[in-house]
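Working notes, beginning with the structure itself.
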Amino acid sequence: MNVADAMTPRDSLVTSVVPGSRTDVLDRLQDDEFSSIPIVNDETGAFRGLVSREQLIANPDEDQLAMLVEDVPTVGPDAELDAVARRFRDGDQRRLPIVEGDELLGLVTITDIVHAIANSEVAADATADQLMETGVNAVHQATPLTVAERELAFADEPYGVVLDEAGSPTGMLTEVDVLDVARIVEGEESTGDSIADDDDDWKWEAIKAIGSRYLPTRNVQIPAEPVEMFMTDSLITVGQSKSATDTAQLLITEDIEQVPVVSGDTLVGILRDTDLLEALA
Numbered sequence: 246m247n248v249a250d251a252m253t254p255r256d257s258l259v260t261s262v263v264p265g266s267r268t269d270v271l272d273r274l275q276d277d278e279f280s281s282i283p284i285v286n287d288e289t290g291a292f293r294g295l296v297s298r299e300q301l302i303a304n305p306d307e308d309q310l311a312m313l314v315e316d317v318p319t320v321g322p323d324a325e326l327d328a329v330a331r332r333f334r335d336g337d338q339r340r341l342p343i344v345e346g347d348e349l350l351g352l353v354t355i356t357d358i359v360h361a362i363a364n365s366e367v368a369a370d371a372t373a374d375q376l377m378e379t380g381v382n383a384v385h386q387a388t389p390l391t392v393a394e395r396e397l398a399f400a401d402e403p404y405g406v407v408l409d410e411a412g413s414p415t416g417m418l419t420e421v422d423v424l425d426v427a428r429i430v431e432g433e434e435s436t437g438d439s440i441a442d443d444d445d446d447w448k449w450e451a452i453k454a455i456g457s458r459y460l461p462t463r464n465v466q467i468p469a470e471p472v473e474m475f476m477t478d479s480l481i482t483v484g485q486s487k488s489a490t491d492t493a494q495l496l497i498t499e500d501i502e503q504v505p506v507v508s509g510d511t512l513v514g515i516l517r518d519t520d521l522l523e524a525l526a
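Take 246 as the starting number for the sequence shown in the numbering used here and just add one per residue.
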């Protein structure tokens, strides 16, 4: 199976152009729940790269879209799907642009391959316990979202299983949840040592203690309320014997990228969409 058979074609993609601003991309990522957006040149239409939600969160002060564009590897339309799956498994990419010359033909993502597994278009003979990771990233439900976002970033994971006071799984927090409630702050902000009152709806985690002057700011603001206010509290799980095909169908149906694996009531691992790629022959 070639990537051209699985990719999302160019005319179905949401794209943005350079020159442009982060606001254009942030609005599209929030409205359409994409993880990244291809960027093309406004005049020539040539493919320039991708801007991802990770880049926006990691670079909150950068407004110029051209500075946020990632120069990513590309593949041609005749590349084999299993070869692309290996590239996804061995690297940290979640999507590959399909390019011929400098023309963007489409985009193939991990989700596209999960679709192929779910539809039995590719062979995937494995069970959840064979594919899962036993190391699970977790966060406490009372952790401020500002802190939880940093925990996800430092762990280099897009998710955190949310634990209650007893240490039991009670929900899931993902980087998508963080981006959904992120707000762009623009204008002048005091850089003194004061912070928001405890009862403010929105609070800054970062304090620019560089004197009492004012600087023009443009930043992403994340609410500091506890994780439990923003998590998905209907935690979906799978058993260890769940097949790769059935798990892929679950991920697509529930529109999620990872699912906890349980043995009875005990959390034993996490199965990410990237782990499903290991099932390909």
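Every residue gets a Cβ at the ideal spot worked out from N, C-alpha and C, and that includes glycine.
Run through DSSP, which three-state label would residue i get?
| i | result |
| --- | --- |
| Q338 | coil |
| F292 | strand |
| E299 | helix |
| T477 | strand |
| Q245 | Since the first residue shown for the chain is 246 and the last is 526, residue 245 is missing from the structure and cannot be characterised. |
| T482 | coil |
| T372 | strand |
| D269 | helix |
| A251 | helix |
| T319 | coil |
| T354 | strand |
| Q466 | strand |
| I362 | helix |
| I343 | strand |
| E502 | coil |
| D443 | With a pLDDT of 40 at D443, under the threshold of 50, the predicted position of this residue should be treated as unreliable, though the coordinate-derived value follows. In the structure shown, D443 sits in coil (DSSP, three-state: anything other than H, G, I, E or B). |
| V329 | helix |
| A454 | For A454, the pLDDT reaches just 27, beneath the cut-off of 50, and the residue's location in the model is therefore unreliable, although a value from the coordinates is still provided. Residue state, collapsed to three classes: coil. |
| L258 | coil |
| V472 | helix |
| A383 | strand |
Nearest CA to the CA of residue i: which residue from the options?
| i | options | result |
| --- | --- | --- |
| H385 | S508, A489, M476, T511 | M476 |
| G405 | V423, V320, V314, L418 | L418 |
| N364 | E499, R517, D491, T519 | D491 |
| G416 | M474, L397, E378 | M474 |
| S508 | D256, T379, V317, P389 | T379 |
| E402 | S257, V423, A411 | V423 |
| R339 | L525, A524, A489, T519 | T519 |
| D357 | D374, I497, M312, D510 | I497 |
| L310 | I355, A330, E410, V270 | V270 |
| P322 | Q466, V344, R267 | V344 |
| T420 | G290, Q503, D335, N286 | At residue 420 the sequence reads Glu, which differs from the Thr that was named. For E420, the nearest C-alpha among the options comes from Q503. |
| T482 | D510, V314, D425 | D510 |
| E470 | T388, A489, D272, D425 | T388 |
| T268 | M377, L313, N286, L390 | L313 |
| L397 | V381, A251, P414 | V381 |
| N247 | A361, V392, Q375, D335 | A361 |
| V392 | I467, S413, V329 | I467 |
| I355 | A251, E394, S266 | A251 |
| L521 | Q375, D272, R273 | Q375 |
| G412 | E394, R517, A383 | A383 |
Would you tell me roughly how many angstroms separate the C-alpha atoms of residue i and residue j, rounded to the nearest one?
| i | j | result |
| --- | --- | --- |
| E325 | A493 | 20 Å |
| P342 | I282 | 10 Å |
| D370 | K487 | 11 Å |
| V320 | A249 | 10 Å |
| E307 | F399 | 20 Å |
| F292 | L408 | 42 Å |
| G294 | V359 | 23 Å |
| P505 | L512 | 7 Å |
| D478 | I515 | 17 Å |
| Q300 | T372 | 33 Å |
| A427 | I284 | 22 Å |
| V367 | P305 | 40 Å |
| P318 | P264 | 21 Å |
| S435 | S297 | Confidence in S435 is poor, its pLDDT being 41 and thus under 50, which makes the residue's placement unreliable; the coordinate value appears in the next sentence. Their backbone Cα atoms lie some 30 Å apart in a straight line. |
| R331 | E523 | 8 Å |
| Q525 | D327 | Here residue 525 turns out to be Leu, not Gln, going by the sequence shown. Taking the straight line joining both Cα atoms gives about 7 Å. |
| E499 | V353 | 20 Å |
| V262 | T289 | 10 Å |
| D425 | I302 | 12 Å |
| L480 | D335 | 28 Å |
| D287 | L495 | 39 Å |
| S280 | L274 | 7 Å |
Pick out the complete alpha helix (DSSP H) segments inside the stretch 389 to 426, 4 residues or longer, and give them in chain order. 390 to 400, 420 to 426
Given 8 Å, three or more beta-carbon pairs between the stretch 344 to 352 and the stretch 246 to 263: yes
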